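**Student:** Sharing a structure here in structure tokens format.
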Amino acid sequence: MSGQSMSVGPGRTGALLLVAPALLMIGFLFVYPFGYSVVSAFTDNGEGSWHIANFTKAIEFYSKDILFTIVIVSLSTAIIGILAVAIAGYLTLGENPTAVAILKWLYRWPLFIPFIVSAQLMRTFLAKNGMMNNILTSSGIIEPLAAQSYLDWRGIVITFVWKQTPFVALLVAGAMASIDRTTIDAGRIFGASRLRILIELVVPQIATTLMVGLILSYVVMLSVLSVPLMINAQSPTMLTVDMAWRINSYGDYGVANALGIMSYLFTGVVAWFYLRQSLKDKGA
Amino acid sequence: MVAAALSNNWVRTVTRVLTMSLLAFAIFGPITNMLLWAVAEVWYFPYKLPLEYGFSFWERVFRPEGNATEALFSSIWIALLTVVVSLAIAIPAGYALARGKMPFRYLIMLLFLLPQAFPAVAVHMNVARIFYGLDLTGSVVGVVLVHASQGLVFSVWIATAAFAAVDAELEAAARNMGAGRWRTFVDVTLPLALPGIMASAIFVFLISMDEFTGTYFVGAPDVVTLPMLLFTSSMEGNYQIASISSLILLVPSVGFMLFIERFLKADVLAKVGN
């Protein structure tokens, strides 16, 4: 009668007590400040009546940056998705073992490079006299006088793509490795090109993983302060920079938090997709 | 026919080599550029390569009273404290989530993901404000708390997976032989889950080493970690110091990439997030 039925783990109360410190930490360092930001955005620094003046001010001052943020993050997410599928697809379907091995070794490098280091790498690489321009001018692709700095919105997109593609590619390659090979082989027998096999047979089977990877990247890109701050802090810039600026220069928590609420909303939209998908998967 | 097939093959090989070279340049170009800056003494536009090479900036950085040495030590100290705090919280939580009769288990697991699901800047600036009232801004304790909260999802999820991967039969056997709950946990469960716990500790250590946003709001200007030094020197245009700091930050990150597979075994990895 003992064996399995003898409980090896803590009971209900014990379990809740053991998890309590972790819950307290989330409560104090996330839920509380999160609520604080909402209250602060809709009031005058947490005092007086509720109003939306902070939002009208935020939109008046920063509508350009709001648009800029959405465009940069969406564009980066799209490019990351395409490159990740291409890399993972080649790893799965590639016929040249040497090329596959090289790619496998190559693509992961930026994965564990911190954002702030990536930003510094790109700050030197994409500058007017950076290595990218030097190679382009030396190889005669562009005229030396035409060399320009890429440290603007393009720099931000390039940095995000460089840093996040390996992460999504890693997830997607893992998913591709575990799909049913028979459909791929069937496609091959019927003479479908590898590109068609990838798009029509493989991608639909790993769509969930791809989406999860892209959503996580999207949220990360909306949260990162160091990259826009170091690559392009001039207007138009990303909302994260505006929030930091609002606080450090004016101590204006109302408008900063109104911008914060907007960034919550941007992630809220995709988080909703994520939750719906993961609940569906749990149910399946 | 044969000639056409051969030339087709040749075109393929050339495309393959070109694509790989382009990719290699895209990935290693920025890293090489940083390495050059780290050993450049004099380098300005329009020169494509540094005019003089040397290590005088390294000397400046690593002098005992140099600011990088100080920043490096404070980064490591904060990261170690963050690991201690995280493990003290994550081990009991992970054990309870893996083994206990936990009500609303799925929701609680999801709750730990929340800080990752919202833009960190918006939350951290309010943490800084709350900490100000508690006299925690500019203190190591404040920075450690912020870092630990960021790493919490990883430490708790990986610890949960590590405990879940331990065979419950072994624990049951120990209990049957008369070992108490505590003894079973310390002598059986914990040692078996240790590689996974180590992996979560490494994760948290790296998160803390690389953390910027929270430190920027909560720690600055009193707590100077390596990422903060990197940032300020880069903004001042001192690319040598910024590149040397980058290089120091890269060492643990790349080391982690090479060694993580030893700690994070497939059986644990498969259970992460479940």
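Keeping their order, the protein sequence lines are chains Z and A.
Sequential numbering of the first sequence, starting at 1, is according to UniProt numbering.
Sequential numbering of the second sequence, starting at 1, is according to UniProt numbering.
We treat Cβ as the ideally placed atom computed from N, Cα and C, and that holds for glycine.
As the structure is a prediction and not an experimental result, all values here were calculated from the model.
So, with DSSP's three-state summary, where would you put A/TYR53?
**Tutor:** A/TYR53 falls in the strand class under three-state DSSP.
**Student:** Quick one: what's got a C-beta closer than 6 Å to A/LEU170's C-beta in the same chain, skipping five residues either side?
**Tutor:** Excluding positions up to five away in sequence, the list reads VAL188.
**Student:** Following the continuous beta strand (DSSP E) through A/GLU41, name the residue where it begins and the one where it ends.
**Tutor:** Run containing A/GLU41: 40-42, per the beta strand (DSSP E) assignment.
**Student:** Do A/ASN33 and Z/MET238 have their C-beta atoms closer together than 9 Å?
**Tutor:** Their beta carbons are not under 9 Å apart, which means A/ASN33 does not touch Z/MET238 by this criterion.
**Student:** Quick one: using the 10 Å Cβ neighbour count with 16 as the cut-off for buried, is Z/PRO97 buried or exposed?
**Tutor:** By the 10 Å Cβ count, Z/PRO97 comes out exposed.
**Student:** Using the Cβ count rule (16 or more neighbours within 10 Å means buried), how would you classify Z/TYR107?
**Tutor:** Answer is buried; the Cβ neighbour count reaches 16.
**Student:** Got a sec: which bits of the stretch 198-230 of chain A sit with their beta carbon under 7 Å from any beta carbon on chain Z, in order along the chain?
**Tutor:** The residues in question are ASP210, PHE212, THR213, TYR216, PRO227, LEU230.
**Student:** Can you list, in chain order, the residues of its chain whose CB lies under 8 Å from that of Z/VAL157, leaving out five sequence neighbours each side?
**Tutor:** Counting only Cβ-Cβ distances below 8 Å, and skipping sequence neighbours, we find ILE72, LEU75, SER76, ILE79.
**Student:** I'd like to confirm the pairing. Which residues does DSSP put opposite A/ASP187 in its beta bridges?
**Tutor:** DSSP output for A/ASP187 lists no bridge partner at all.
**Student:** Beta carbon of Z/THR43, beta carbon of Z/GLY251: below 9 Å?
**Tutor:** It is not a contact, given that the beta carbons lie outside the stated cut-off.
**Student:** Quick check: is the beta carbon of A/ILE78 nearer than 9 Å to any beta carbon in chain Z?
**Tutor:** So, not an interface residue.
**Student:** How far does the alpha helix (DSSP H) with A/GLU211 in it reach, from first residue to last?
**Tutor:** Element bounds for A/GLU211: n/a, residue is neither H nor E.
**Student:** Could you check how far apart the C-beta atoms of Z/ARG194 and Z/LEU93 are, in whole angstroms? I think they sit under 8 Å.
**Tutor:** Yes, they are in contact, since the Cβ atoms of Z/ARG194 and Z/LEU93 sit about 5 Å apart, within 8 Å.
**Student:** Decide if the stretch 155-171 of chain A is in contact with the stretch 87-100 of chain A; the criterion is three or more beta carbon pairs, one per stretch, under 8 Å apart.
**Tutor:** Output reads yes: the stretch 87-100 of chain A touches the stretch 155-171 of chain A.
**Student:** So is A/THR13 buried or exposed if we call it buried at 16+ other beta carbons inside 10 Å?
**Tutor:** By the 10 Å Cβ count, A/THR13 comes out exposed.
**Student:** Using the beta-carbon count (16 or more within 10 Å), is Z/PHE185 buried or exposed?
**Tutor:** In the sequence on display, residue 185 of chain Z carries Asp and not Phe. It counts as exposed.
**Student:** For chain Z, check one thing: does any of its Cβ atoms lie closer than 9 Å to the Cβ of A/GLY178?
**Tutor:** A/GLY178 does not count as touching chain Z.
**Student:** Alpha carbon to alpha carbon, what distance is there between Z/ARG123 and Z/SER138?
**Tutor:** Their backbone Cα atoms lie some 20 Å apart in a straight line.
**Student:** Looking at the unbroken alpha helix (DSSP H) that takes in A/ASN176, where does it start and where does it end?
**Tutor:** Looking at the DSSP string, the run of the alpha helix (DSSP H) that includes A/ASN176 is 168-176.
**Student:** So does the stretch 256-269 of chain Z actually touch the stretch 203-211 of chain Z, counting three or more Cβ pairs closer than 8 Å?
**Tutor:** These segments do not touch.
**Student:** Return the first residue and the last residue of the alpha helix (DSSP H) that Z/HIS51 is part of.
**Tutor:** Note, Z/HIS51: premise wrong, no alpha helix (DSSP H); not H, not E.
**Student:** Looking at the C-beta of Z/GLY11, does it have a partner C-beta in chain A at a distance below 9 Å?
**Tutor:** Yes, Z/GLY11 lies at the interface with chain A (some Cβ there is under 9 Å from its Cβ).
**Student:** Count the other CB atoms, across all protein chains shown, that sit within 10 Å of the CB of Z/MET1; report buried if there are 16 or more and exposed otherwise.
**Tutor:** Here Z/MET1 scores only 36 on pLDDT, less than 50, and its place in the model is too uncertain to base an answer on.
**Student:** Take A/ALA173 as the anchor and find which of A/PHE163, A/PHE185, A/ALA162, A/LEU107 has the nearest alpha-carbon.
**Tutor:** The option with the nearest alpha carbon to A/ALA173 is A/PHE185.
**Student:** Could you pull out every residue in the same chain whose Cβ sits closer than 7 Å to the Cβ of Z/ASP242, ignoring the five residues on either side in sequence?
**Tutor:** Once the five neighbours on either side are set aside, the close Cβ partners of Z/ASP242 are TYR62, ASP65, LEU259.
**Student:** Looking at the strands, I want to know which residues DSSP matches up with A/ASP135.
**Tutor:** Paired residues: none, contrary to the question.
**Student:** Have a look at Z/ALA173 and A/ARG63 and give me their C-alpha separation to the nearest angstrom.
**Tutor:** In a straight line, the C-alpha of Z/ALA173 is about 45 Å away from that of A/ARG63.
**Student:** Look at A/VAL42 and A/ILE241 and say whether their C-beta atoms are less than 9 Å apart.
**Tutor:** Result no, Cβ atoms of A/VAL42 and A/ILE241 do not sit closer than 9 Å.
**Student:** According to DSSP, is Z/ASP44 part of a helix, a strand, or is it coil?
**Tutor:** Strand, per DSSP.
**Student:** To which residues of the same chain is Z/LYS271 closer than 8 Å at the C-beta, ignoring the five residues directly before and after it?
**Tutor:** Per the sequence shown, the amino acid found at residue 271 of chain Z is Ala instead of Lys. Hits under 8 Å: ILE215, VAL219.
**Student:** Could you say if the stretch 64-81 of chain A and the stretch 139-146 of chain A meet the contact criterion of at least three C-beta pairs nearer than 8 Å?
**Tutor:** Yes, they touch.
**Student:** Determine whether the Cβ of Z/SER76 lies closer than 9 Å to any Cβ atom of chain A.
**Tutor:** So, not an interface residue.
**Student:** Of the residues Z/ILE113, Z/SER178, Z/THR267, which one's Cα is nearest the Cα of A/VAL251?
**Tutor:** Selected option, being the one with the closest Cα: Z/ILE113.
**Student:** With distances taken from CA atoms, which of Z/LYS280, Z/THR267, Z/ASN257 is nearest Z/ALA41?
**Tutor:** Checked all of Z/LYS280, Z/THR267, Z/ASN257; the closest Cα to Z/ALA41 is Z/ASN257.
**Student:** Please report whether the beta-carbon of A/PRO30 lies at a distance below 9 Å from any beta-carbon of chain Z.
**Tutor:** Yes, A/PRO30 counts as interfacial toward chain Z.
**Student:** Leaving out the 5 sequence neighbours to the left and right, which residues in its chain are closer than 6 Å to Z/PHE160 when beta-carbon positions are compared?
**Tutor:** Closer than 6 Å at the Cβ level, and outside the excluded window around Z/PHE160, lie SER76, MET221.
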